[in-house]
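Student: Below is one structure. I have some questions about it.
Numbering (mature numbering (1 follows the signal peptide of the UniProt record, and there is no 0)), first residue to last: -17 to -1, 1 to 82.
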């Protein structure tokens, strides 16, 4: 009877003392809700329309990468409601991006 207690205690102590590797699982979502489309746009017209918009060259993994990817092609990171024919309708600045 005591043998089972000793073995259970041994396994519990090994399980509790094992190192746990913490992984970052939170993904960066630059655009959500109504403004759900990530775009790189050249010109902003009072937040109502943005001109010469395109999808970002890569999937944004954080705000600085999103801003840098758009800046590399001479555009600004934006979140738009409706991209139509390279025009963004109702666009705003994504979370974490500084204009």
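Backbone N, C-alpha and C fix where the C-beta goes; we use that ideal spot for every residue, glycine too.
1) Would residue 19 be called buried (16 or more neighbouring beta carbons within 10 Å of its own) or exposed?
2) What is the DSSP secondary structure of residue -14, reduced to helix, strand or coil?
3) Looking at the unbroken alpha helix (DSSP H) that takes in residue 58, where does it start and where does it end?
4) Could you tell me which residues DSSP pairs with residue 65 in its beta bridges?
5) For residue 22, which three-state DSSP category applies?
6) Mind reading off the beta-carbon distance from residue 25 to residue 35? Whole number of angstroms is fine, and I expect it under 8 Å.
7) Residue 13: which of 60, 73, 71 sits nearest, CA to CA?
8) Given residue 27, which residues of its chain have a CB within under 6 Å of its CB, disregarding the five upstream and five downstream residues?
Tutor: The relevant details are as follows:
1) Indexing the chain shown from 1 puts residue 19 at position 36. Exposed, because fewer than 16 other Cβ atoms sit within 10 Å of the Cβ of residue 19.
2) If you number the chain shown from 1, residue -14 lands on position 4. Helix, per DSSP.
3) Numbered from its first residue, the chain shown carries residue 58 at position 75. Per DSSP, residue 58 belongs to no alpha helix (DSSP H) and is neither H nor E.
4) Residue 65 sits at position 82 when you count from the first residue of the chain shown. The partner list for residue 65 (beta bridge, DSSP) reads 72.
5) Counted from its first residue, the chain shown places residue 22 at position 39. Reduced to three states, the DSSP call for residue 22 is strand.
6) The residue you call residue 25 lines up with position 42 of the chain shown. The residue you call residue 35 lines up with position 52 of the chain shown. Yes, residue 25 and residue 35 are in contact; Cβ-Cβ is about 4 Å, under 8 Å.
7) Residue numbering aside, residue 13 sits at position 30 when the chain shown is read from its first letter. The option with the nearest alpha carbon to residue 13 is 60.
8) By 1-based counting over the chain shown, the position of residue 27 is 44. Contacts found: 33.
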